[in-house]
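Participant:
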Amino acid sequence: MFYMKINEDMILKQLDPQEEEILFRLVDRNRAHLRNWLPWVDGTKSIEDTRSFLSFCENEYKRAKLINAGIWYQNELVGCIGYNEINQHNRFAKIGYWLSEDMQGKGVMRLACTEIVRYGFQEMDLNRIEIRVAKSNKRSKAIPQKLGFVQEGMIRQTEWLYDHYVDHLVFGLLREEYEENEKLVLK
1 MFYMKINEDM ILKQLDPQEE EILFRLVDRN RAHLRNWLPW VDGTKSIEDT RSFLSFCENE
61 YKRAKLINAG IWYQNELVGC IGYNEINQHN RFAKIGYWLS EDMQGKGVMR LACTEIVRYG
121 FQEMDLNRIE IRVAKSNKRS KAIPQKLGFV QEGMIRQTEW LYDHYVDHLV FGLLREEYEE
181 NEKLVLK
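Following UniProt numbering, the numbering of the sequence shown begins with 1 at its first residue and continues without gaps.
Right under this line is the structure:
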């Protein structure tokens with residue numbers, strides 16, 4: 001099971017099906033906020049939906065296909081981060097993340113992302129890490145920019161978000177860039 005202590009206040013921990021209610025309640029309280037950027041919110045209607053998702057994540061983690069970790073801040077679940085896709089053969093992974101509205105702007109996601117990037121390069125031996133964000137999501141876009149990722153392009157109308165298509169910006173970071181600019185990543 002994935003577990004990472006970041007500091008005295010914060011840990012990243014794989015959510016297990018027993019934490020289904022905690023996760024569901026967090027999503028439910030943040031529905032309007034999350035719905036602006038995430039296409040799965042309306043499909044998360046019950047604790048059973050959350051249980052199924054966590055069971056899927058657990059199985060995929062065992063197969064080394066993804067990591068889905070809860071962000072726990074001062075013993076409270078405040079969001080999720082992880083590798084939504086891991087390609088072992090090409091040593092490549094895609095980071096996905098979200099944070100409760102009340103925790104925005106406090107540096108929590110930047111710190112979580114910094115550590116998940118470090119873990120990817122140092123522990124998983126990745127060569128490339130990618131983050132895709134909605135073009136208009138300024139807060140989410142700031143994370144890869146601050147961590148030294150390179151904006152590589154834009155994928156037009158790549159995601160259907162309830163009633164419209166969304167463009168995604170693609171940010172990438174290579175192992176050699178991380179190693180050359182590790183101080184930038186760890187600021």
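Think of the CB as a built atom: it goes at the ideal place given N, C-alpha and C, for glycine as much as any other residue. If you're wondering where the values come from, they're calculated on a predicted model, not measured in any experiment.
Going along the chain, which unbroken runs of the beta strand (DSSP E) with 3 or more residues stay wholly within the UniProt domain "N-acetyltransferase" (22 to 176)?
Facilitator: If we require 3 residues or more, the beta strand (DSSP E) runs fully inside the UniProt domain "N-acetyltransferase" (22 to 176) come out as 67 to 73, 76 to 87, 92 to 99, 128 to 134, 150 to 160 and 165 to 174.
Participant: Among Asp163, Asn181, Pro144 and Glu180, which residue has its Cα nearest to the Cα of Val170?
Facilitator: Answer by Cα proximity: Pro144.
Participant: Measuring straight from C-alpha to C-alpha, what distance separates Arg132 and Lys94?
Facilitator: Distance between the alpha carbons of Arg132 and Lys94 is about 8 Å.
Participant: When you compare only the Cα positions, how much space is there between Lys141 and His168?
Facilitator: The straight-line gap from Cα to Cα measures roughly 10 Å.
Participant: Output needed for residue 209: all residues of its chain with C-beta closer than 8 Å, excluding positions within five of it in sequence on either side, in chain order.
Facilitator: Any answer about residue 209 is impossible in this case: the structure gives the chain only from 1 up to 187.
Participant: Leaving out five residues on either side along the sequence, give the residues of the same chain with a beta carbon under 7 Å from the beta carbon of Trp98.
Facilitator: These residues qualify, in order along the chain: Leu34, Leu38, Gly79 and Cys80.
Participant: From residue 233 to Leu174, what does the alpha carbon distance come to, in whole angstroms?
Facilitator: A query on residue 233 cannot be resolved here, the shown segment of the chain reaching from 1 to 187 and no further.
Participant: Answer yes if the segment 3 to 14 comes into contact with the segment 55 to 74, meaning at least three C-beta pairs across the two stretches below 8 Å, and no otherwise.
Facilitator: Yes: the two stretches touch, three or more of their Cβ pairs being nearer than 8 Å.
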